[in-house]
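Numbering (my numbering), first residue to last: 36 to 173.
Backbone N, C-alpha and C define an ideal beta-carbon position, used for all residues, glycine too.
One structure is given here, and the rest of the page talks about it.
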Amino acid sequence: MNQFQIKEGRGENGTGYPMSDGGELTVFDPSVLCQFVGDDEAIINGFLREYIISADAIGSSISEAIDKKDWQMVGELAHRLKSSSLTVGALLLGELCTSLETACNEAEFEQAMSLAATFSANWTCTMKQIRRHVSTSE
36 MNQFQIKEGR
46 GENGTGYPMS
56 DGGELTVFDP
66 SVLCQFVGDD
76 EAIINGFLRE
86 YIISADAIGS
96 SISEAIDKKD
106 WQMVGELAHR
116 LKSSSLTVGA
126 LLLGELCTSL
136 ETACNEAEFE
146 QAMSLAATFS
156 ANWTCTMKQI
166 RRHVSTSE
């Protein structure tokens, strides 16, 4: 099983990131952003709305670069998306971007293609969960 396959749920971990019961990274954990900005829902939702706008644009660009097999561009865009993803709690997507960036930068194109195959599903699932969180907490 690919480490970036999507699974729901949470369990204990020793990594500092929330994990699913099966040991995979959590797709979205809103408590991560609280560590940076506090627990004011209006502020959290403001950050998440900004993330949605940015991640939508970067995610679309990554998908286009993957289709073109432009691995340099994929790596650059993955770099841009990883930190903001990890900061808002989009943990699985952030770690996928980290691995994708590394594979592209190190010219490990077979690894990059394998990771790229999971990008769209992970990005879509992450964005859906964040949008759902924002809409239910307003």
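### Message
Using only the alpha-carbon positions, how far apart do V109 and E145 sit?
### Response
14 Å
### Task
Thinking D91 and M162 are a contact (beta carbons under 8 Å), I'd like their distance in whole angstroms, please.
7 Å
### Alpha carbon of D74 to alpha carbon of S120, nearest angstrom
18 Å
#### Entry: Reference F154; option with closest CA among L116, R167, G124 and I165
L116
### Task
Assign V109 to one of three DSSP states: helix, strand, or coil.
helix
### Task
Name the two residues that bound the continuous alpha helix (DSSP H) containing V72.
S66 to V72
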